[in-house]
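Each remark here refers to the structure printed beneath this line.
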Amino acid sequence: MVNSPQTSLVCSVADQFLCLLCAIKNRKIHIHTYTYTYVKGNFQGCFQYIMRHVGLEESKAGVKIAGRNINNLTYADDTTLMAESEEELRSLITRVKEESGKAGLQLNVKKTKIMATTPIDNWQIEGENVEAVTDFIFPGAKITADADCSQEIRRHLLLGRRAMANLDKIVKSRDIALATKVCIVKAMVFPIVTYGCESWTIRKAERRKIRRF
Numbered sequence: 002m003v004n005s006p007q008t009s010l011v012c013s014v015a016d017q018f019l020c021l022l023c024a025i026k027n028r029k030i031h032i033h034t035y036t037y038t039y040v041k042g043n044f045q046g047c048f049q050y051i052m053r054h055v056g057l058e059e060s061k062a063g064v065k066i067a068g069r070n071i072n073n074l075t076y077a078d079d080t081t082l083m084a085e086s087e088e089e090l091r092s093l094i095t096r097v098k099e100e101s102g103k104a105g106l107q108l109n110v111k112k113t114k115i116m117a118t119t120p121i122d123n124w125q126i127e128g129e130n131v132e133a134v135t136d137f138i139f140p141g142a143k144i145t146a147d148a149d150c151s152q153e154i155r156r157h158l159l160l161g162r163r164a165m166a167n168l169d170k171i172v173k174s175r176d177i178a179l180a181t182k183v184c185i186v187k188a189m190v191f192p193i194v195t196y197g198c199e200s201w202t203i204r205k206a207e208r209r210k211i212r213r214f
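In the working numbering, each number is its position in the sequence shown, counted from 1, plus 1.
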């Protein structure tokens with residue numbers, strides 16, 4: 002059910018559509034549905050509440066970037082904690098783990114990975130081993146321990162070629178104007194290739210590959 006102010010219009014439009022338009026204009030829509038039990042899935046709202054109460058913004062632990070101290074990157078319920086030392090990282094993990102426990106959530110060590118700019122092994126959280134990796138994807142961008150962007154650039158060029166292949170019928174169609182094809186490619190392929198490019202370190206070889214694409 003959509004609640005909105007009464008509106009008088011002389012036209013052959015169904016009342017429910019008029020109510021919806023009014024609700025959109027007023028930016029307030031009240032929808033009533035049946036009650037259901039929430040037993041599994043992403044408790045994203047809970048996690049955001051936890052991250053706000055951990056107090057990471059006040060913590061001195063983290064990585065200094067452009068004069069700012071950054072110690073966490075969160076996307077939905079995926080979180081990356083960052084620190085300049087092992088002690089700082091353990092401190093951040095402990096704080097997040099303790100605050101999560103208060104909300105009834107547990108840290109899944111099996112899904113937790115650690116990456117360092119120097120070789121690391123036998124890293125544990127409360128006696129459980131944490132897998133050390135040399136790269137990971139977050140979110141949609143590949144981050145490597147050696148900060149080499151060549152793999153990430155190749156990956157995006159490959160994804161771009163696959164996207165172009167999916168548009169093969171459109172590109173070869175004689176019924177679609179060239180200008181329209183260009184607009185489609187710019188809208189559906191270029192964003193895939195250039196996603197995250199602001200953080201790339203591009204060498205001459207990669208620059209040539211991008212231009213050839």
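Heads up, the beta-carbon is just placed ideally off N, CA and C, and yes, glycines get one too.
Computed from a predicted model, the values in this text were never measured in an experiment.
Requested in this report: Inspect the CB distances between the region 84-93 and the region 50-66 and report whether three or more fall short of 8 Å.
Outcome: yes
Query raised in the report: By the 10 Å Cβ neighbour count, where 16 or more other Cβ atoms means buried, how is G161 classified, buried or exposed?
Result: buried
Query raised in the report: In angstroms, rounded to a whole number, what distance separates the CA positions of G105 and I193?
Result: 38 Å
Query raised in the report: Does the distance from the C-beta atom of I126 to that of I154 stay below 9 Å?
Result: no
Query raised in the report: Three or more C-beta pairs closer than 8 Å, one from the region 130-144 and one from the region 183-191: is that the case here?
Result: no
Requested in this report: For the alpha helix (DSSP H) containing R209, list its first residue and its last residue.
Outcome: K205 to R213
Report task. Identify the continuous beta strand (DSSP E) that holds I138 and give its terminal residues. Result -> D136 to I138
Query raised in the report: In three-state terms, what does DSSP make of T80?
Result: strand
Requested in this report: Just confirm the distance between the C-beta atoms of V55 and R96, as a whole number of angstroms; I'd bet it's less than 8 Å.
Outcome: 5 Å
Requested in this report: Could you tell me the boundaries of the beta strand (DSSP E) in which Q152 lies?
Outcome: Counting along the chain, Q152 falls outside any beta strand (DSSP E), though it belongs to the alpha helix (DSSP H) covering S151 to N167.
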